[in-house]
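Asks:
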Amino acid sequence: MTGRVIVITSGKGGVGKTTTNANIGTALARAGKKVVMIDTDLGLRNLDLLLGLENRIVYTIVDVVEERCKLKQALVKDKKNPNLCLLAAAQTRDKTAVTEEQLKDICEKLKKDYDFILVDCPAGIEQGFQNAVAGASEAIVVTTPEMSAVRDADRIIGLLEAKEEIKSYKLLINRVRPNLVKSNDMMSVEDVVGILSAELIGIIPEDTGIITSTNKGEPIVNTEKSLAGMAYRNVARRIMGEDVPFLNLEEETSIVAKVKKFFAGLMGKEK
Amino acid sequence: MSENIFKEIYAKVLSLFKQTEKEDNAKDIAKNRLRVVLMQDRTNLTPELLQRMRKELVELLSKYVEMDKEALELNFDQEGDQMALMLSIPVIRAKDEAEIEKALAEKESEKSEEETDEEDETSDDNESEEEKPDNEESEEENSEDETEDDEDKEETSDEDTEEETLETDSEEEKEPETSEEETNEDK
């Protein structure tokens, strides 16, 4: 088996890299793929929290490279899905604890046993980014329709294009708020795609459910009726090569939101 | 049916205001600001270089028009796939022919006879020719004729500088001999 190594990166922090990683990973595993997620954000690990695995971590990636344990021992199995596991970052070390070569080596080894290796990249364009990208051949650039996030994504795309190992990169636009787009207060997906001129792999609507799902340590793809969850499941299907149309968020909100707004208004008045 | 008609009318009315709306809405402001900033990010022009370009443009254009130098705007813009450099200059008044002639003549004479300039404008351009830019005290540099600084001697010795650089023994001395003209920067 030769797995695909996909790095999930963004440049800017807080745009949803880790959430995206947890959800795509879970969705791929739900589809029957063997998936391992690597958290490379040394010192600021969070992927374990989003997956609800924080209490199960015994060894981290640093233990692996410093040979205190075998690679297999450090892989933490997901609570629900046996296809899914996590290689956690060390919380007490900094970005220098693992080198590009070491990460490349780990990815190579994991490729033999897994279909997908998802690398969660730290924010920024420094060594942490370089390390995370080192072993990958594909990238997903996460951005939001905000100026600062788009600008940083542009920078990241520039850096990815300069990397020979990265064969393709795709854009995932997170936290889209169709209402704001409609009222011309937020850039639309088309605007962002036009500015960055990159191929799109996903559009994720802003969803308060993400907050509760993070709090519970349960990726939102496991919530069947969530719109964001569905959007993430679609991203996973696209990664697997399916041709899935993008959710029409505008329509979704123009009807649903109006009704919701109407009722919300009524409720508000009653209070 | 009637609803559709209303919708159409609404759309038409909206389209009338589209031009003004465009200027105001947050989405387009963001888009335009982002375009500009990405242009700058993607080009290798540093703010210093842009500043210099701006300065040179001001010098060039002020020969022909009197303008508000402070309000000059220099921006990158995108027109389709083409990157454009947008220059906006508030013109106070156009100079008349005589003034332009004069300005050009000054420039000419400056070219042929001597190249004097304010140090802050051209110091880095001239360094290869005449002057080291770290020459803190020298406010004005003089080119072929008036070079005083020891540091420059090697570079300008082939000109008539030998005759002129007489009394100077300190490296930092200079003659305040400058007119308001500038050297041609691109040298």
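Taken in sequence, the protein lines are chains P and Y.
Quick note: the first sequence uses our numbering, first residue 1, plus one each step.
Quick note: the second sequence uses our numbering, first residue 1001, plus one each step.
Cβ atoms here follow ideal geometry from the backbone N, Cα and C, with glycine treated the same way.
Treat the numbers as computed from the prediction; the structure is a model and nothing was measured.
#1: Which residues of chain P have a Cβ atom closer than 7 Å to the Cβ of residue 1037 of chain Y, listed in chain order?
#2: When the Cα atoms are used, what is the spatial distance from residue 1136 of chain Y to residue 1063 of chain Y?
#3: Short of 7 Å Cβ to Cβ, which residues in the stretch 183 to 217 of chain P face chain Y?
#4: Judging by CA-CA distance, which residue of P:95, P:15, P:74, P:98 is the nearest neighbour of residue 87 of chain P?
#5: If I measure Cβ to Cβ from residue 139 of chain P and keep anything under 8 Å in the same chain, skipping five residues before and after, which residues do I get?
#6: Would you mind giving the Cβ-Cβ distance between residue 125 of chain P and residue 11 of chain P, rounded to the nearest angstrom? I have them listed as a contact below 8 Å.
#7: Please state if the CB of residue 135 of chain P and the CB of residue 95 of chain P are separated by a distance shorter than 8 Å.
#8: Any beta carbon of chain P sitting closer than 8 Å to that of residue 1030 of chain Y?
#9: Applying a beta-carbon distance threshold of less than 8 Å, which residues of chain Y neighbour residue 155 of chain P?
#10: Considering just the uninterrupted stretch of the beta strand (DSSP E) at residue 193 of chain P, what are its terminal residues?
#11: Going by beta-carbon coordinates alone, are residue 53 of chain P and residue 116 of chain P separated by less than 8 Å?
#12: Only counting the same chain, and skipping five residues up and downstream in sequence, which positions put a Cβ closer than 7 Å to that of residue 130 of chain P?
#13: Mind the definition here: the stretch 188 to 200 of chain P touches the stretch 142 to 160 of chain P only if three or more C-beta pairs lie below 8 Å; say whether that holds.
#14: For residue 109 of chain P versus residue 2 of chain P, is the C-beta distance shorter than 8 Å?
#15: Within 10 Å of its beta-carbon, does residue 1084 of chain Y have 16 or more other beta-carbons around it, so buried, or fewer, so exposed?
#16: Using C-beta distances below 8 Å, list every residue in its chain close to residue 1054 of chain Y, excluding the 5 sequence neighbours before and after it, in chain order.
#17: Report the residue ranges of all alpha helix (DSSP H) runs contained in full by the stretch 207 to 243 of chain P; include only those spanning at least 4 residues, in chain order.
#18: Residue 1025 of chain Y touches chain P at which residues, Cβ-Cβ below 9 Å?
#19: Ignoring anything shorter than 4 residues or poking outside the stretch 1055 to 1106 of chain Y, list the alpha helix (DSSP H) runs there in chain order.
#20: How about residue 1052 of chain Y: is its C-beta nearer than 8 Å to some C-beta of chain P?
#21: Pop quiz: residue 310 of chain P and residue 198 of chain P are said to be a contact at Cβ under 8 Å. What is the actual Cβ separation, rounded to whole angstroms?
Replies: Looking at the coordinates:
#1: Translated into the one-based positions of the second sequence, residue 1037 of chain Y becomes position 37. The contacting residues are 151.
#2: Looking up residue 1136 of chain Y in the second sequence gives position 136. Looking up residue 1063 of chain Y in the second sequence gives position 63. Low confidence applies here, because residue 1136 of chain Y scores a pLDDT of 41, under 50, leaving its location unreliable; read the following figure in that light. Looking at the two C-alpha atoms, the distance is approximately 29 Å.
#3: Taking 7 Å as the Cβ-Cβ cut-off against chain Y, the residues of the stretch 183 to 217 of chain P that qualify are 184, 185, 186, 187, 191, 195.
#4: To locate residue 87 of chain P, count along the first sequence from 1; it is residue 87. Comparing Cα-Cα distances from residue 87 of chain P to each of P:95, P:15, P:74, P:98, the minimum goes to P:74.
#5: Taking the first residue of the first sequence as 1, we reach residue 139 of chain P at position 139. Cβ contact annotation for residue 139 of chain P (same chain, cutoff 8 Å, sequence separation greater than five): 6, 7, 8, 9, 133, 160, 166, 168, 169, 170, in chain order.
#6: Residue 125 of chain P sits at position 125 when you count from the first residue of the first sequence. Residue 11 of chain P sits at position 11 when you count from the first residue of the first sequence. The Cβ separation is near 6 Å, so the contact holds.
#7: On the first sequence, position 95 is the one that residue 95 of chain P refers to. On the first sequence, position 135 is the one that residue 135 of chain P refers to. Result no, Cβ atoms of residue 95 of chain P and residue 135 of chain P do not sit closer than 8 Å.
#8: Taking the first residue of the second sequence as 1, we reach residue 1030 of chain Y at position 30. Chain P, which has a Cβ nearer than 8 Å to the Cβ of residue 1030 of chain Y, makes this yes.
#9: For this step, residue 155 of chain P is matched to residue 155 along the first sequence. Taking a Cβ-Cβ threshold of 8 Å, the residues of chain Y close to residue 155 of chain P are 1041, in chain order.
#10: Counting from 1 along the first sequence, the entry for residue 193 of chain P is found at position 193. From DSSP, residue 193 of chain P is part of no beta strand (DSSP E) but of the alpha helix (DSSP H) over 189 to 196.
#11: Here residue 53 of chain P refers to the residue found at position 53 when the first sequence is read from its first residue. Here residue 116 of chain P refers to the residue found at position 116 when the first sequence is read from its first residue. The beta carbons of residue 53 of chain P and residue 116 of chain P sit no closer together than 8 Å.
#12: The count along the first sequence starts at 1 and reaches residue 130 of chain P at position 130. If we look at residue 130 of chain P and ignore the five residues flanking it on each side, its Cβ neighbours are 100.
#13: Taking a contact to require three or more Cβ pairs closer than 8 Å, the stretch 188 to 200 of chain P and the stretch 142 to 160 of chain P qualify as touching.
#14: By one-based count along the first sequence, residue 109 of chain P stands at place 109. By one-based count along the first sequence, residue 2 of chain P stands at place 2. In this structure, the beta-carbon distance from residue 109 of chain P to residue 2 of chain P does not fall below 8 Å.
#15: Within the second sequence, residue 1084 of chain Y is the residue found at index 84, counting from 1. Burial state of residue 1084 of chain Y is exposed, judged by a 10 Å Cβ sphere holding fewer than 16 other Cβ atoms.
#16: Position 54 of the second sequence, counted from the first residue, corresponds to residue 1054 of chain Y. Excluding positions up to five away in sequence, the list reads 1072, 1074.
#17: For the stretch 207 to 243 of chain P, whole alpha helix (DSSP H) runs of length 4 or above, ordered along the chain, are 209 to 216, 227 to 239.
#18: Mapped onto the second sequence, residue 1025 of chain Y falls at position 25. For residue 1025 of chain Y, the chain P residues whose Cβ falls inside 9 Å of its Cβ are 183, 184, 185, in order along the chain.
#19: DSSP runs (the alpha helix (DSSP H)) wholly in the stretch 1055 to 1106 of chain Y: none.
#20: Translated into the one-based positions of the second sequence, residue 1052 of chain Y becomes position 52. No, its Cβ sits nowhere closer than 8 Å to a Cβ of chain P.
#21: A query on residue 310 of chain P cannot be resolved here, the shown segment of chain P reaching from 1 to 271 and no further.
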